[in-house]
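J.:
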Amino acid sequence: MKVTAQKVEQALQDVPATVEVVSGEQIELRQIDSLEQLGKQLNGVSIGSYTGSQPRIFIRGIGDLTDLKNKRVAVYVDGVPQLDAAMQDVLLGGGVGRVEVLKGPQGTLYGRNALAGVINIVTKRPDDHAISVSAGWGQRHAKRLTFNAQSGVFDDRLRFGLDAGVMEGDGVLKNVANGSQGKLDAYERRNMGFKLEADASVDTQLRLTARHFNDRTPAYTQTVIDPQSLRPIKVRSFAQAGDLNFYEVERNLEGGTRTRGRALTFQISHDFGGVKLNATTAWQRSKQEMRTDADYSADPVFFYNFDPYTNDHRQLSQEVQLVGKHDKLDWQAGLYAYRDQTLNTNRFGNSLGTQYQDTRYQTSGWAGFGQLDYRLAPQWTLVAGVRYQKDRQRFTDVYKNKPEISQQDTSTTYKLAANYEWRPDNVVFLNVATGYTPGGVNTSPQMVNSSPTGPYLTYGHETSRSVELGMKGVLQDPALSYAVSLYQTRIHDQQLMVLPDTQIKNVGRTRYHGLELELGYQFARNWSLSAGYALNRSKVQESYESAAIGKSVPLAPLYTAKLGLQYQGQVAKGTRLTARLDWNRTGRFYANSANSYGQRSYDLVDMSARLDFKQWWLKLNVNNLFNKRYYQMVAPHPFIASMGQAIYGQPRSVMLTAGASF
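Numbering (UniProt numbering), first residue to last: 1 to 662.
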């Protein structure tokens, strides 16, 4: 299998790190439409949603609950970083060729926001002459339509591709305050992408990509919970006021989120003979407007509403990379620069009246990076990489006309690795890598007496060092594939959202260590088995909160496990069946720094089946087959210290899809 995990195309076994790949075929079969759904298929990765269309990603227990600017997991689409959380929620589907998940710090090649890892989404290239369409129908008025077309002219020297998708449906939540059913978490997502590729000459290739999306998704869908029993509850005057049933919430403002975005990318590649130049210029803009009940209750006296909150984001980035091969040495070097701006406006209503907020957050920076891969012997490869990066973040409260607050950081990250091929297509690797997340400014004032009237606090950068020892390969050509790794990551000056203060702070030192196993086995002609297990232990070693020292880091699952069984074969003349059953288990994780409560472990089972005929196909997807009730996220309440908050996991859903290709 070929991947671009190290920004050059190479065999998966040649990457001295843990890389998990989900193919486009599996994405289509399992109908994975979002990063949140993708997370269930990955080992040691958990992905949830905190505010509708903004994913929260954790790799090996390291990630973010609420910060929108300085994330620890970088998301790339065709080589372009998605700096804003609204742009990260890519609508996956038939246009995706594969998704590569790089685990551990990737600061050398990917820079800031890659302290925990990278999700690298690679879309399909227009290299065929075909048209495909599909239409799906499911529970709760769910509909899904897709269209894809690709062709070429001038002997295929000029190629183009067009894809579009629509997803919509009602939700499952009942608002007991007004009796509405399925309205609060209803969704409607529309996206369109266009690609144009040209061979300007034998040595020069050009690519232009455009993307547009328009989403209507839920805003805050949390319910208040009792931390001891974890049952959903009603709240009045900061006290419990009765119980709720599962999938019930209480809101005096239902609201919702509308997100619109567009992106334009231009890439050029030229081979000078021995040295190849790759350049990527990318522009993005997204605008999000959210109305929501931020206290998660229908309390008529003590309430907190965002009505509305807007986020207007613009981003421009440029990367230039040189790649070369000389005898035993493969090398790459590059420069990267970026600039983005986010304008936030917020009308925050509570029992004290309406407060207005109008802020501007600007970030900019540049980096130089390089990596050497040296084949010391036929079986040995040594890898060394380094990156120097400089970042500046500026924050201004425009509404209150306050002075600009700025934060500036520089960092040098490195990577050292060794790869030993002990038999063909089987390697043992060892790598040591560092990561970096820049400091910044909290975009919301500090809470004072349950009201955001305090100062804007800054926080410093955090750094990490990781050691990983692993082995991966293919045996019995190719009946058995495997990957196993041991890792340890230490984070210094870790940034953490502290609740109920709702501020990001540097809390101290933490340590993560664990074991990951992955197995794929074709045990019969038409049958295959896949399995994975990820054990992650975390510990707070130093913190300003004495009660947190020695405890597990919040929101880091103790383990995840998965098991999949797939059949693929001909069931009749001209008819091919692909059927798959997946079991996923998420271990317990704690919600708060004291580890006094959290999410219990839970199991989910999904089923997929597809019949392929000559030019058309029929597919059935059932997610959460046994209708398991669970919370996808549990955390402290942002305003009431004695209570918690939780987001309901999705109940069983069934969708039938038909499609055709021409």
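Built from N, CA and C at the ideal position, the CB exists for glycine as well.
Between the C-alpha atoms of Gly-460 and Lys-619, what's the straight-line distance to the nearest angstrom?
T.: 50 Å
J.: Evaluate the contact criterion for the segment 274-290 versus the segment 237-245: three or more CB pairs, one atom per stretch, below 8 Å.
T.: Contact between the segment 274-290 and the segment 237-245 is absent, because fewer than three Cβ pairs lie under 8 Å.
J.: If we count Cβ pairs, one from each stretch, closer than 8 Å, do we get three or more for the segment 349-367 versus the segment 412-426?
T.: No, the segment 349-367 is not in contact with the segment 412-426.
J.: So does the segment 481-491 actually touch the segment 464-471, counting three or more Cβ pairs closer than 8 Å?
T.: yes
J.: With C-beta atoms as the reference, is Asn-623 less than 8 Å away from Ser-653?
T.: yes
J.: Mind reading off the beta-carbon distance from Val-22 to Val-3? Whole number of angstroms is fine, and I expect it under 8 Å.
T.: About 12 Å; that fails the 8 Å criterion.
J.: Residues in the same chain with beta-carbon distance under 7 Å from Val-428, minus the five sequence neighbours each way, listed in chain order, please.
T.: Here the set comprises Tyr-420, Trp-422 and Met-471.
J.: Helix, strand or coil for Thr-108, going by three-state DSSP, please let me know.
T.: helix
J.: Identify the continuous beta strand (DSSP E) that holds Gly-171 and give its terminal residues.
T.: Per DSSP, Gly-171 belongs to no beta strand (DSSP E) and is neither H nor E.
J.: For the alpha helix (DSSP H) that contains Leu-38, what are its first and last residues?
T.: Per DSSP, Leu-38 belongs to the alpha helix (DSSP H) from 35-39.
J.: Mark Val-249 as exposed unless 16 or more other C-beta atoms lie within 10 angstroms of its C-beta, in which case mark it buried.
T.: buried
J.: Helix, strand or coil: how does DSSP classify residue 669 here?
T.: Nothing about residue 669 can be read from this structure; the chain reaches only from 1 to 662.
J.: Going by alpha carbons, who is nearest to Gly-550 out of Lys-562, Thr-510, Phe-523 and Leu-535?
T.: When each option's Cα is compared against that of Gly-550, the closest is Thr-510.
J.: By the DSSP assignment, the alpha helix (DSSP H) with Met-87 in it spans what residues?
T.: Residues 85-88.
J.: I'd like the span of the beta strand (DSSP E) that includes Glu-516, first residue to last.
T.: 508-521
J.: Just curious, the beta strand (DSSP E) that Arg-251 is in, first and last residue?
T.: Where Arg-251 is concerned, there is no enclosing beta strand (DSSP E), given that its DSSP letter is neither H nor E.
J.: Start and end of the beta strand (DSSP E) containing Gln-407?
T.: 405-423
J.: Helix, strand or coil for Ala-11 per DSSP?
T.: strand
J.: When you compare the segment 531-538 with the segment 555-564, are there three or more beta-carbon pairs, one atom per stretch, that lie closer than 8 Å?
T.: Short answer: they touch.
J.: In terms of alpha-carbon separation, which member of Leu-65, Lys-628, Glu-100 and Val-398 lies closest to Gly-79?
T.: Glu-100
J.: Between the alpha carbons of Leu-486 and Leu-519, how many angstroms are there, rounded?
T.: 15 Å
J.: Rounded to whole angstroms, how far is the Cβ of Ala-177 from the Cβ of Asn-245, which I believe are closer than 8 Å?
T.: Actually they are not in contact, since the Cβ atoms of Ala-177 and Asn-245 sit about 14 Å apart, beyond 8 Å.
J.: Output needed for Val-275: all residues of its chain with C-beta closer than 8 Å, excluding positions within five of it in sequence on either side, in chain order.
T.: Leu-322, Val-323 and Gly-324
J.: State the start and end residues of the unbroken beta strand (DSSP E) segment that holds Pro-55.
T.: 55-59
J.: Using only the alpha-carbon positions, how far apart do Gly-255 and Ala-241 sit?
T.: In this structure, the CA atom of Gly-255 is about 23 Å from the CA atom of Ala-241.
J.: So, helix, strand or coil for Ser-546, using DSSP?
T.: Helix.
J.: Are Thr-108 and Glu-468 close, meaning C-beta to C-beta below 8 Å?
T.: In this structure, Glu-468 does not lie closer than 8 Å to Thr-108 by Cβ.
J.: Label Met-1 either buried or exposed according to how many other C-beta atoms from any shown protein chain fall within 10 Å of its C-beta, with 16 as the threshold for buried.
T.: Looking at its Cβ environment, which holds fewer than 16 other Cβ atoms inside 10 Å, Met-1 is exposed.
J.: Rounded to whole angstroms, what's the CA-CA distance from Ser-49 to Pro-55? Just pull it up for me.
T.: 5 Å
J.: If you check the beta carbons only, do Val-605 and Trp-583 fall under 8 Å apart?
T.: yes
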